[in-house]
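Quick note: the sequence shown uses the working numbering, first residue 11, plus one each step.
Note that the Cβ used here is the ideal one computed from N, Cα and C, for glycine as well.
Below: one structure, written as structure tokens.
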Amino acid sequence: AAQKYLHQGKIAQAIGEYLAVLKHDSRDQITLMTLGDLYVRQGETFQALEYFERLAKIFLNDGFTTKAIAIYKKVAKLAPEESRPLERLAELYVQQGVLSEARPIYLQLAEAQLKAGRPPQAAVLLRKLLEAEPENLRVQVRLAELLLSMRQQQEAVETLHSAMLRVVDQGD
11 AAQKYLHQGK
21 IAQAIGEYLA
31 VLKHDSRDQI
41 TLMTLGDLYV
51 RQGETFQALE
61 YFERLAKIFL
71 NDGFTTKAIA
81 IYKKVAKLAP
91 EESRPLERLA
101 ELYVQQGVLS
111 EARPIYLQLA
121 EAQLKAGRPP
131 QAAVLLRKLL
141 EAEPENLRVQ
151 VRLAELLLSM
161 RQQQEAVETL
171 HSAMLRVVDQ
181 GD
């Protein structure tokens, strides 16, 4: 019935049919993806995100991290202003050991938090990046500067000291 409605261009009715399918099987991956795509076609991005995130969680629970990453990338393109899916994408990249993909996301998110006047949240994101990439001198210095601006001198000094020790250890 859902396919019939789609062929007739009746997207709202097709969505209703697909929602009925989900009532019987809430983990139906094809239906979740289809609903997300249909909501996007209707311009209801926020509604679409709900179904894409449910799908990504199912993939993660079933051990399909790469598929979950693909879904979060799709979500990031649909709603780049949404920080939660982007942060989850960065975490998954770290989990997979793909720091070259995680790093720019964390930096972008931290910068957005700073622009929004939320330096503590930016510091949390920079710390997460440093957990994954403790040798990143630029991020250590950036975090220390941020901590100083937040009047957290002790932690800033500790961060700079750690960076200095790393540089000395490298003979630089």
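So, residue i versus residue j, is the Cβ gap smaller than 8 angstroms?
i      : j      : result
Val149 : Leu136 : yes
Glu143 : Arg113 : yes
Leu175 : Ala166 : no
Ser93  : Leu119 : yes
Leu96  : Ala86  : yes
Leu147 : Val177 : yes
Gly46  : Phe56  : no
What's the call for residue i, buried or exposed, on a 16-neighbour Cβ count within 10 Å?
i      : result
Ile25  : buried
Pro130 : exposed
Ala100 : buried
Pro90  : exposed
Can you tell me which of the options puts its alpha carbon nearest to the alpha carbon of residue i?
i      : options              : result
Gly19  : Ala30, Arg51, Leu119 : Arg51
Val134 : Gln23, Ala154, Tyr49 : Ala154
What three-state label does DSSP hand residue i in the structure shown?
i      : result
Ala100 : helix
Met160 : coil
Val108 : coil
Asp179 : helix
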